[in-house]
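Report on one structure; see the data block that follows.
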Amino acid sequence: MAESVNEHEARMTLAALSEPGDIVTGTLVARLGATETVELITSGVRLPNGVDPAEGELWRRRMAPRINPGQIDRIRADMERQELQFLTPEDIDWPGELQQLGASAPIALWLKGDPSRLSTPLPGRVTIVGARAATAYGSQVATELASELAAQGRVILSGGAYGIDGAAHRAATVAYPGSTVAVLASGLDRLYPTGHEQLFERIERSGGLLVSELPPGSAPTRWRFLQRNRILAAISGATVVVEAGHRSGSLNVAGQAHSLGRPVGAVPGPVTSAASAGCHRLIQEGIASLVVDAQDVTDLLDSTAGFSGDRTFAYSPTRRFSRTGPDLRF
Numbered sequence: 082m083a084e085s086v087n088e089h090e091a092r093m094t095l096a097a098l099s100e101p102g103d104i105v106t107g108t109l110v111a112r113l114g115a116t117e118t119v120e121l122i123t124s125g126v127r128l129p130n131g132v133d134p135a136e137g138e139l140w141r142r143r144m145a146p147r148i149n150p151g152q153i154d155r156i157r158a159d160m161e162r163q164e165l166q167f168l169t170p171e172d173i174d175w176p177g178e179l180q181q182l183g184a185s186a187p188i189a190l191w192l193k194g195d196p197s198r199l200s201t202p203l204p205g206r207v208t209i210v211g212a213r214a215a216t217a218y219g220s221q222v223a224t225e226l227a228s229e230l231a232a233q234g235r236v237i238l239s240g241g242a243y244g245i246d247g248a249a250h251r252a253a254t255v256a257y258p259g260s261t262v263a264v265l266a267s268g269l270d271r272l273y274p275t276g277h278e279q280l281f282e283r284i285e286r287s288g289g290l291l292v293s294e295l296p297p298g299s300a301p302t303r304w305r306f307l308q309r310n311r312i313l314a315a316i317s318g319a320t321v322v323v324e325a326g327h328r329s330g331s332l333n334v335a336g337q338a339h340s341l342g343r344p345v346g347a348v349p350g351p352v353t354s355a356a357s358a359g360c361h362r363l364i365q366e367g368i369a370s371l372v373v374d375a376q377d378v379t380d381l382l383d384s385t386a387g388f389s390g391d392r393t394f395a396y397s398p399t400r401r402f403s404r405t406g407p408d409l410r411f
């Protein structure tokens, strides 16, 4: 059954008031529903057990000043102007894998394009990420992988950034129009990076999809980029890092995918190349399998065919690798 109008609007409100991945908001929505969570912001009613009183009070102080009576009307007007769709966990097109994120799961999603891109079986979706300052080698490998996987009917997901992300999106769109999804860290009316506006338009018009958990009008921030990574990891059958430096943000995607129990692949580069140092770390730490071609990625994806989606984890965007496992901090 679809959510009530009040619950639907409450999720829209919370998505606008909260930063992505807000644990207190997510915990309250899971226990009480979105409507009652919104009421708690200003009611002064004691928060339920399971929410630390001090954390809850800080949450109220953070959220209350952001309430704007005309906010929902503005968001709806922006959605209509931009032809955006609004998705909640009760909608049939909602990617169920996101619930693995527990209390840090998105409150809602805004979409532009074909939502069925998120309805394909999990082994049919693969995230390809990597360095923004990609080398010619990295761009070529990303292009070849995305082209071959898209030709197989796989959906290519990435973050829309310069470098490896852009190469993957472009290659997938050319090989099989409609076969790519860009998950963004800004509102879908403020596409970032601006230099990829034409690419984003091509993705959407060719039958692909743009996704964000942020309402129209939202600007990208460092925190929002990190939070975006958990979505890329959760809704893909596997994550492949094509090229990444020692502290590349794409390692964060790999760490989240590994925490979810999803296979991770990494493409090796020259041992002298700083641009591949992160990939070598992933392989060396045992986080990623070595990937040299599309068949290697297909093998990773096929290993998720029986994935139940029951595993959940406590998301942390501040993890760094250690010798005992993924622990990324950026």
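Quick note, the sequence shown lines up with residues 82 to 411 if you use this note's numbering.
Ideal Cβ positions, reconstructed from N, Cα and C, are used throughout, including at glycine.
From a predicted model like this one, the values you see are computed outputs, not experimental measurements.
In angstroms, rounded to a whole number, what distance separates the CA positions of residue i and residue j?
| i | j | result |
| --- | --- | --- |
| residue 275 | residue 130 | 44 Å |
| residue 97 | residue 187 | 12 Å |
| residue 105 | residue 334 | 23 Å |
| residue 226 | residue 279 | 22 Å |
| residue 312 | residue 264 | 8 Å |
| residue 239 | residue 291 | 10 Å |
| residue 308 | residue 208 | 15 Å |
| residue 91 | residue 282 | 30 Å |
| residue 231 | residue 257 | 6 Å |
| residue 277 | residue 293 | 16 Å |
| residue 373 | residue 242 | 23 Å |
| residue 235 | residue 205 | 5 Å |
| residue 89 | residue 115 | 8 Å |
| residue 145 | residue 361 | 46 Å |
| residue 343 | residue 194 | 26 Å |
| residue 134 | residue 143 | 14 Å |
| residue 200 | residue 381 | 19 Å |
| residue 155 | residue 244 | 34 Å |
| residue 136 | residue 103 | 11 Å |
| residue 126 | residue 139 | 14 Å |
| residue 365 | residue 375 | 21 Å |
| residue 273 | residue 173 | 28 Å |
| residue 368 | residue 216 | 23 Å |
| residue 196 | residue 348 | 30 Å |
| residue 246 | residue 148 | 35 Å |
| residue 363 | residue 107 | 31 Å |
| residue 185 | residue 87 | 22 Å |
| residue 356 | residue 150 | 48 Å |
Might you give, ordered along the chain, the residues of its own chain that have their beta carbon closer than 6 Å to the beta carbon of residue i, omitting 5 neighbours on each side?
| i | result |
| --- | --- |
| residue 109 | 118 |
| residue 261 | 237, 250, 253, 254, 284 and 289 |
| residue 175 | 168 |
| residue 248 | 220, 223 and 224 |
| residue 329 | 212 and 359 |
| residue 198 | 236, 262 and 290 |
| residue 420 | Only positions 82 to 411 of the chain appear in this structure, which leaves residue 420 out of reach. |
| residue 47 | For residue 47 there is no data in the structure shown, the boundaries of the chain being 82 and 411. |
| residue 189 | 92, 96 and 169 |
Sorted by chain position, which residues of the same chain lie with C-beta nearer than 8 Å to residue i's C-beta, five sequence neighbours on each side aside?
| i | result |
| --- | --- |
| residue 358 | 325, 326 and 327 |
| residue 112 | 129 and 131 |
| residue 377 | 346, 370 and 371 |
| residue 191 | 160, 165, 166, 167, 168, 268, 269, 292, 293, 294, 295, 296 and 297 |
| residue 162 | 270 |
| residue 383 | 204 |
Please list, in chain order, all residues of the same chain as residue i whose beta carbon is under 7 Å from its beta carbon, the five residues on each side excluded.
| i | result |
| --- | --- |
| residue 304 | 100 |
| residue 94 | 119, 152 and 153 |
| residue 159 | 270, 297 and 298 |
| residue 157 | none |
| residue 141 | 122 |
| residue 218 | 350 |
Any heavy atom of the ligand GDP closer than 6 Å to the Cβ of residue i?
| i | result |
| --- | --- |
| residue 306 | Because no ligand of any kind appears in the structure shown, any question about the ligand GDP cannot be addressed here. |
Assuming residue i contacts residue j (C-beta within less than 8 Å), just tell me the rounded distance between them.
| i | j | result |
| --- | --- | --- |
| residue 269 | residue 301 | Going by Cβ atoms, the distance from residue 269 to residue 301 rounds to 12 Å, so no, they are not a contact pair. |
| residue 320 | residue 338 | 4 Å |
| residue 370 | residue 346 | 5 Å |
| residue 233 | residue 385 | Their Cβ separation, rounded to whole angstroms, is 15 Å, which puts residue 233 and residue 385 out of contact at 8 Å. |
| residue 318 | residue 203 | 4 Å |
| residue 259 | residue 287 | 5 Å |
Sequence ranges, alpha helix (DSSP H) only - wholly within the segment 245–297, length at least 4: 245–256 and 278–286
Please list the segments of the alpha helix (DSSP H) lying wholly inside the segment 303–338, counting only runs of 4 or more residues, in order along the chain. For secondary structure counted as the alpha helix (DSSP H) over 4 or more consecutive residues, the segment 303–338 holds these complete runs in sequence order: 303–315.
Is the segment 209–219 close to the segment 309–329, with three or more CB pairs under 8 Å? yes
3 or more residues per run - each beta strand (DSSP E) lying fully within the segment 199–239: 206–210 and 236–239
To test your reading of the DSSP string, which unbroken beta strand (DSSP E) runs of 3 or more residues are found completely within the segment 142–175? 166–168
Taking the runs of the alpha helix (DSSP H) that are 4 residues or longer, which of them lie wholly in the segment 330–380? 331–340 and 358–365
Which residue spans inside the segment 96–129 form an unbroken beta strand (DSSP E) run of at least 3? Positions of the beta strand (DSSP E) runs, each at least 3 residues long and wholly inside the segment 96–129, cannot be given because no such run exists.
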